[in-house]
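Novice:
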Amino acid sequence: MAQESAVEGMKEAAHTFFQKSIEKEKQEIYQYLDSIKSSGSNRQHDAEITDEDIQLVRKLKAIEREVPLDYSPRVKDLIAKYTSDNYNPYMCRMMGLGQYYFPLFDKIMDEVGVPRELKYLSVVESSLNPRDISSAGATGLWQLMYYEAKTYHLTVDSYTDQRMDPIASSYAIAKILKEAYDEYGDWLLAIASYNGGKGAVSRAIQRSGKENATFWDIAPYLTQQTQNYIPKFIAMTYAMKYADENDINAADTELSLRTQALDINKRVSLNQIADALQVSKETLRALNPSFKRNVLNGTEESPLRLVLPVLDKKIAAEELYAALNTPISSANPSQTENPSEPLQNGKYKVKVGETFASIADKFEVTVQDIKSWNNLRGNQIVPGQNLLIKKEDDFVNAKLARNTERSSKKNQQRAASATRTAYYVVKKGDTLSEIADKNGTSVGRLKSENDLNGSRIKPGMKLKVSKK
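Quick note on numbering: the sequence shown equals residues 3 to 470 in the working numbering.
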């Protein structure tokens, strides 16, 4: 009896301990939500705190690592949206694409030294579409601008746009976010600065009047777009982390296959490689989104990384070897040159038997390009239909023109900010006067921004450069 009584006593004590722990946690969450309501940052309305609020705060804190996953009514609304039945097909596709992209992102983010959860920004930015191009020219999975590509040494020419390359562009965004974090010491502020520009964030911090301002402190002084950007990231992180309990299952995608990579140091035809592997050209393009043409212009000095499906058959390996070693000049001209098909005012008339894919092959573009240019959603085209086709040079020039226009508010802010936060590494023989002239600024401004008293600089120094 004494032993049973002791066991019961232990059970009761354990129960009491857990009850107190739960009550303590609930009180802490109540205090947290009350602090949000009284902060003046519009994070929490005056509505009653519900059990759902408490549960969401608890679950956000459970998955929080380095990046704060703060709660707000907007975060709550977006979580409901991303985990809804209506949104499920989209989220399942994102999970499917994520199985291919997220391991790549994790490796790069570990290497650069930024939190892995930042990978979910790619879903917010581009819906994991490496060929996504905004009206202002922001391009790729991370929606990088042309000036950002140049700043972080990404190739953008008539053959290649590395903003569409999952690996090259991810190194760039990881470095951009790390530099922003080094400046602000806060991951949410770093993320906000990527969306709205460092200048906008710095001005908002000043306007808030707070010494250690958080994103929520400065949110009222940011654009509506940037105010919404952080809640979208937090809600998307939640939806991805709690995918299983919300029936978000990875859908099969065009990237649901094992891959391998080859370095290409010569001119080769993508069409020949696709034929050798017996895979569709669309699959090959999906695996290699940064290539603009059907010809890869690799060299010994600058080899190109070609991603291919893993070869299971010896005969496929032999065919691939032959394709890689066939001189490009002996390939079918249609594979290497622009088609001779006439375009009337940039329009192509569909012929009997043609499909989106065959026309895309003919003009060395993608099906998505054609659909985008013509505002088409379905897969049906009919003989006699006129399709807008943008020639390669026109297409590249148009994108570059949009890059310089910076027409959207988001990219205007980021572009303006980028000129304020560029860096220059001092070379042997450089003087402050020469560096100022090269970068369109003044010696006085260089000294002020880099805390320089005199004019002495030495090779290897990294100077912050703000252009006028």
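All C-beta atoms, glycine included, are put in the ideal place defined by N, C-alpha and C. Values in this document were obtained by computation on a predicted structure and should not be read as measured data.
1) Could you give the distance in angstroms between the alpha-carbon of P70 and the alpha-carbon of L191?
2) Do three or more CB pairs link the stretch 286–298 to the stretch 163–174 at distances below 8 angstroms?
3) Taking the alpha carbon of S450 as the point to measure from, which residue in F217, N441, L465, K121 has its own alpha carbon closest?
4) Classify T52: buried if its beta carbon has 16 or more other beta carbons within 10 angstroms, exposed otherwise.
5) Leaving out the 5 sequence neighbours to the left and right, which residues in its chain are closer than 8 angstroms to Y223 when beta-carbon positions are compared?
6) When the Cα atoms are used, what is the spatial distance from K353 to R379?
7) Could you give the distance in angstroms between the alpha-carbon of L259 and the alpha-carbon of P311?
8) Could you spell out the range, first to last residue, of the beta strand (DSSP E) harbouring D265?
9) So, for D432: in the same chain, excluding its five sequence neighbours on each side, which residues have a beta-carbon less than 8 angstroms away from its beta-carbon?
10) Within this structure, are the beta carbons of I65 and K243 separated by less than 8 angstroms?
11) Could you give the DSSP three-state label for R165: helix, strand or coil?
12) Closest to Q387 by CA distance: which of Y350, F365, N377 is it?
13) Looking only at its chain, what residues have a beta carbon closer than 7 angstroms to the beta carbon of V384, apart from the 5 residues adjacent to it on each side?
14) Taking 8 angstroms as the cut-off, does the stretch 134–153 touch the stretch 75–88 (at least 3 CB pairs, one atom from each stretch)?
15) So who's on the other strand from R307, going by DSSP bridges?
16) Can you give me the C-alpha to C-alpha distance between N251 and A237, rounded to a whole angstrom?
17) What whole-angstrom Cβ distance do G198 and T225 have, given they're in contact under 8 angstroms?
18) In this structure, what does DSSP give as the bridge partners for N388?
19) Could you give the distance in angstroms between the alpha-carbon of K39 and the alpha-carbon of S444?
20) Check Y89 in the structure and name its three-state DSSP category.
21) Among all the DSSP beta bridges, which residues are the ones paired with I135?
22) Can you tell me which residues form a DSSP beta bridge with K464?
23) V309 to Y92, Cα distance in whole Å?
24) Pull up the CB-CB distance for N267 and P305, whole angstroms please, since I reckon it's below 8 angstroms.
25) Q274: buried (16+ other C-beta within 10 angstroms of its C-beta) or exposed?
26) Which residues in the same chain have their Cβ closer than 7 angstroms to the Cβ of T261, if we skip the five residues on either side of it in sequence?
27) If you run the structure through DSSP and keep just helix, strand and coil, what is L326?
28) Mind the definition here: the stretch 269–285 touches the stretch 321–330 only if three or more C-beta pairs lie below 8 angstroms; say whether that holds.
29) When the Cα atoms are used, what is the spatial distance from D188 to E320?
30) Quick one: using the 10 Å Cβ neighbour count with 16 as the cut-off for buried, is P105 buried or exposed?
31) To which residues of the same chain is T368 closer than 8 angstroms at the C-beta, ignoring the five residues directly before and after it?
32) Determine the closest residue to L179 out of V116, E68, L389, with distance taken between C-alpha atoms.
33) Please state if the CB of L99 and the CB of L130 are separated by a distance shorter than 8 angstroms.
34) Which value, in whole angstroms, describes the spacing of the CA atoms of E302 and V59?
35) Check for me: the alpha helix (DSSP H) holding N273 runs from which residue to which?
36) Check the C-beta distance from Y196 over to K177 and give it rounded, since I have them as a contact under 8 angstroms.
Specialist: The relevant details are as follows:
1) Numbered from its first residue, the sequence shown carries residue 70 at position 68. Numbered from its first residue, the sequence shown carries residue 191 at position 189. Those two C-alpha atoms are separated by around 11 angstroms.
2) yes
3) Position 448 of the sequence shown, counted from the start, is the residue given in the question as residue 450. Taking only the C-alpha atoms, the option nearest S450 is L465.
4) The residue given as residue 52 occupies position 50 in the sequence shown. So T52 ends up on the exposed side.
5) Locating residue 223 in the sequence shown gives position 221, where the first residue counts as 1. Excluding positions up to five away in sequence, the list reads R205, A206, R209, S210.
6) Mapped onto the sequence shown, residue 353 falls at position 351. Mapped onto the sequence shown, residue 379 falls at position 377. Approximately 20 angstroms, taken between the alpha carbons.
7) Taking the first residue of the sequence shown as 1, we reach residue 259 at position 257. Taking the first residue of the sequence shown as 1, we reach residue 311 at position 309. Approximately 7 angstroms, taken between the alpha carbons.
8) Position 263 of the sequence shown, counted from the start, is the residue given in the question as residue 265. First-last of the beta strand (DSSP E) with D265: 261–266.
9) Taking the first residue of the sequence shown as position 1, residue 432 is located at position 430. If we look at D432 and ignore the five residues flanking it on each side, its Cβ neighbours are I459, P461.
10) The residue labelled residue 65 in the question sits at position 63 within the sequence shown. The residue labelled residue 243 in the question sits at position 241 within the sequence shown. Yes, the pair counts as a contact, with Cβ atoms nearer than the cut-off.
11) Looking up residue 165 in the sequence shown gives position 163. R165 falls in the helix class under three-state DSSP.
12) Mapped onto the sequence shown, residue 387 falls at position 385. Cα-wise, what sits closest to Q387 is Y350.
13) On the sequence shown, position 382 is the one that residue 384 refers to. Cβ neighbours of V384 beyond the five flanking positions: V352.
14) no
15) Here residue 307 corresponds to residue number 305 of the sequence shown, with the count starting at 1. DSSP output for R307 lists D265 as bridge partner(s).
16) Taking the sequence shown and counting its residues from 1, one reaches residue 251 at position 249. Taking the sequence shown and counting its residues from 1, one reaches residue 237 at position 235. N251 and A237: Cα-Cα distance of roughly 17 angstroms.
17) Taking the first residue of the sequence shown as position 1, residue 198 is located at position 196. Taking the first residue of the sequence shown as position 1, residue 225 is located at position 223. Their Cβ separation, rounded to whole angstroms, is 6 angstroms, which keeps G198 and T225 in contact under 8 angstroms.
18) If you number the sequence shown from 1, residue 388 lands on position 386. Answer is K351, bridged to N388.
19) The count along the sequence shown starts at 1 and reaches residue 39 at position 37. The count along the sequence shown starts at 1 and reaches residue 444 at position 442. Its pLDDT being 49, under 50, K39 is placed unreliably in this model, and the value from its coordinates should be taken loosely. When rounded, the distance between both Cα atoms is 46 angstroms.
20) Translated into the one-based positions of the sequence shown, residue 89 becomes position 87. Coil.
21) By one-based count along the sequence shown, residue 135 stands at place 133. Answer is T141, bridged to I135.
22) Reading the sequence shown from its first residue, position 462 is the one you call residue 464. Its beta-bridge partners are V427.
23) Working through the sequence shown from its first residue, we reach residue 309 at position 307. Working through the sequence shown from its first residue, we reach residue 92 at position 90. Cα-Cα distance, rounded: 26 angstroms.
24) For the purposes of this step, residue 267 is taken as the residue at position 265 of the sequence shown. For the purposes of this step, residue 305 is taken as the residue at position 303 of the sequence shown. About 4 angstroms; that satisfies the 8 angstroms criterion.
25) On the sequence shown, residue 274 is found 272 positions in, with the first residue counted as 1. So Q274 ends up on the buried side.
26) Position 259 of the sequence shown, counting from 1, holds the residue named residue 261. Excluding residues within five positions, the ones whose Cβ falls inside 7 angstroms are L289, V309, L310, P311, V312.
27) Numbered from its first residue, the sequence shown carries residue 326 at position 324. Helix at L326.
28) yes
29) Indexing the sequence shown from 1 puts residue 188 at position 186. Indexing the sequence shown from 1 puts residue 320 at position 318. Between D188 and E320, the C-alpha separation is close to 53 angstroms.
30) Taking the first residue of the sequence shown as 1, we reach residue 105 at position 103. Exposed: under 16 other Cβ atoms inside 10 Å.
31) Sequence index remark: in the sequence shown, residue 368 carries index 366 (1-based). Result list for T368: R133, E284, R287, A362, in chain order.
32) Taking the first residue of the sequence shown as 1, we reach residue 179 at position 177. L179 has its Cα closest to that of V116, out of V116, E68, L389.
33) The residue you call residue 130 lines up with position 128 of the sequence shown. The residue you call residue 99 lines up with position 97 of the sequence shown. Against a cut-off of 8 angstroms, the Cβ pair of L99 and L130 comes out as a contact.
34) By one-based count along the sequence shown, residue 302 stands at place 300. By one-based count along the sequence shown, residue 59 stands at place 57. Each residue's Cα considered, the two are about 54 angstroms apart.
35) Indexing the sequence shown from 1 puts residue 273 at position 271. Note, N273: alpha helix (DSSP H), 272–279.
36) As a working mapping, residue 196 is identified with position 194 in the sequence shown. As a working mapping, residue 177 is identified with position 175 in the sequence shown. Incorrect: roughly 11 angstroms between the Cβ atoms, too far for contact.
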